[in-house]
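Working notes, beginning with the structure itself.
In the working numbering, the protein residues as written are 120 to 848.
Pasting the structure below:
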């Protein structure tokens, strides 16, 4: 029985049991199946568990789960396979050999959205693992075991490209394939010299991508697409075009685009012209150089204008959108002004569809994000403002030159009122939805604008709770980690403002609070402004006071050296914020060891700051000393060695009108007296003895101070340095 129980409890047996439950057609207990599936997923996330599943013929069994066509079992299989493939090239190659690219592509294209997304995640992980292998040098046995993965990569990409034009593929499956190609095909950095994968995709699949980008929603026989499909196609085309390195490669790209558009424009009558115009819109939103080149084909602009005058609203929608994108180039803008403005006005006045009227008046659907974000930045006046040099202003006035003046409606009172109106209208929820949606139109520039708006929305402390309640805190985290450097900094500063005045555990519940640390630490870099440094330090102080796990996260982000550096800052508020932050960080053992290090001036600085005029600085420094001397007697012995002013600083703390400072001073003295007889003798030979005697009698008003003073005197009596008071005996 003992051996049987041991066998049943081992991992191999557990894996086998889980597969038996999941693959048993007679098993009717859905809860049991769900639990088995979840256990399998959790097991695969650990390297040991993933290897056990792999060695137990797990890939074949997982393939059987995929073939059941049941959504819950397919999800369990796909998520388990992600664990098997994560960071393991040879296992990934084996999984691909067992499942084969056509099956994976078919799963990606299923109607069930969650299954398609899970398949997308698996394929992304497989790409990462296989590409990582290409960048490593394998030697000996490992090289023999792991074959060349470049062929596998091309096979997977080939099937993704075929999925784009497969009639039976779902709309979201098509979107997932496009987004996957965006992530895995172009080079991550221009430092990588090899762009052969992009060139291969352009030759093999550029026309397939354009097939999706040129699809007219609702047209007979059109591919199933979503509202994001064309924008995703535009982004992929743009990424591929940006990955090209020479004129010859770009000329080939232009030629393929022109050939595709011409194939629809010539000989397909009205339906073909619609596809051609839609393809032009797709290119203009992506690689605009290629789009502009196609738009110059003979008769193209005339066709766009004639479609605008069509009685069919779908035709108007396609044409007006193309016209808007075409107007970006000055040469065509004048042509449109001369030939199309009156037509656009008529469309705006008489069309019954808002989507067409809006495009005729301003721009398109999802690509309106940048324009909306720019408008909100203007409303909140959240651009960077540089204060002009007063001397230069005087010179300009003397020379009778025009001096730009701030618009009266951009004064703080007006801006504050507009911000309140935006908050009341629900702008935070709208921005949070934009960030969460991961729309391809959400470019880095757009992210920066949204970050600026968020920073303006949290400027007033009383508004920050409302911003957090509407999802602003959650939205700011990805904004602070991705995008332009300016955008990340603005988002991090907004996070800091929220963290300073709100309870961080409520503003960023659960694990989210740990994601805030890195953005806040980024505000401590030397290239940041003094205000950003100050707010970053204040926010980190609040986080460091919450838990040891958060302090460890701050340590891991290498923030302590930067915090120490700001303790020497000339600006009083920055110096104070850094000292307060260090006070909270000193609760961690690793930071305490820094104060114990030989040859360090950290302890000296804390002692000297305990004697400064600024009460808040004294409170932070003396609080750190009280904690350090309580935990480490060695620090008590070193205090007299770091500065000749140590005794007068301690006496000043004991005589302070602030009870808090008195208590901190009394605790430090108590710890020093207890640590070593020689230190106690120095203290008792000074006026400290008289001060302690007075403080020890004040039980009523300052009980904690009196208690610490009594403990110091009692220890001095024990050393034989002073005689006990007969009246208290």
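Beta carbons are placed, not taken as given, at the ideal position from N, Cα and C, and that holds for glycine. The structure displayed is predicted, hence computed values, not measured ones.
Asked	Found
May I have the straight-line CA-CA distance separating residue 615 from residue 724, to the nearest angstrom?	27 Å
On a CA-only basis, which of 737, 421, 765 is nearest residue 777? Give me that one, please.	737
For residue 336, which of helix, strand or coil comes out of DSSP?	coil
According to DSSP, is residue 284 part of a helix, a strand, or is it coil?	coil
Note down, in chain order, each residue of its chain lying with its Cβ closer than 7 Å to the Cβ of residue 686, except the 5 sequence neighbours on either side.	694, 697, 698, 701, 724
Can you tell me which of the three DSSP states residue 172 falls into?	helix
Can you tell me the Cα-Cα spacing of residue 333 and residue 284, whole angstroms?	12 Å
Residue 145 by DSSP, collapsed to three states: which one?	coil
Short check: CB of residue 618 to CB of residue 661, under 8 Å?	yes
In chain order, what residues of the same chain have a beta carbon less than 7 Å from the beta carbon of residue 258, not counting five sequence neighbours either side?	Residue placement at residue 258 is flagged as unreliable, the pLDDT there being 38, under the threshold of 50; a coordinate-derived value is accordingly withheld.
Of all the options 795, 364, 291, which has the alpha carbon lying nearest to the alpha carbon of residue 344?	291
Within a Cβ cutoff of 6 Å, which residues of the same chain sit near residue 755, ignoring the five residues on either side of it in sequence?	748, 790, 791, 794
Looking only at its chain, what residues have a beta carbon closer than 8 Å to the beta carbon of residue 160, apart from the 5 residues adjacent to it on each side?	195, 198, 199, 202
Quick one: residues in its chain with C-beta nearer than 6 Å to the C-beta of residue 349, no 5 flanking neighbours on either side, listed in chain order?	332, 401
Evaluate residue 764 with the Cβ neighbour count: other Cβ atoms within 10 Å of its Cβ, from every protein chain shown; 16 or more gives buried, anything less gives exposed.	exposed
Taking only the alpha-carbon atoms, compute the straight-line gap between residue 330 and residue 406 and give it to the nearest angstrom.	16 Å
For the alpha helix (DSSP H) that residue 291 lies in, which residues bound it at each end?	290-303
Out of curiosity, what's the CA-to-CA distance linking residue 389 and residue 437?	12 Å
Taking its Cβ as the centre, do 16 or more other Cβ atoms sit within 10 Å of residue 397, making it buried, or is it exposed?	buried
Classify residue 231 as helix, strand or coil using the three-state DSSP reduction.	coil
For residue 449 and residue 601, what's the separation of their Cα atoms in angstroms?	Confidence in residue 449 is poor, its pLDDT being 42 and thus under 50, which makes the residue's placement unreliable; the coordinate value appears in the next sentence. Between residue 449 and residue 601, the C-alpha separation is close to 33 Å.
Quick check: the Cα distance between residue 451 and residue 357, rounded to an integer number of angstroms?	Confidence at residue 451 is low in this model, with a pLDDT of 49, below 50, so the placement of that residue should be treated as unreliable; the coordinate-derived value is given next. Their backbone Cα atoms lie some 22 Å apart in a straight line.
What's the C-alpha gap between residue 404 and residue 353?	6 Å
Could you tell me the alpha carbon to alpha carbon distance between residue 297 and residue 553, rounded to whole angstroms?	20 Å
Tell me which same chain residues have a C-beta within less than 7 Å of the C-beta of residue 585, skipping the five on either side of it?	542
Within a Cβ cutoff of 7 Å, which residues of the same chain sit near residue 690, ignoring the five residues on either side of it in sequence?	649
Roughly how many whole angstroms lie between the Cα atoms of residue 832 and residue 636?	44 Å
Once you ignore the five residues that flank residue 842 on each side, which residues in its own chain have a CB closer than 6 Å to its CB?	none
Measuring alpha carbon to alpha carbon, tell me which of 708, 537, 728, 753 ends up nearest residue 717.	753
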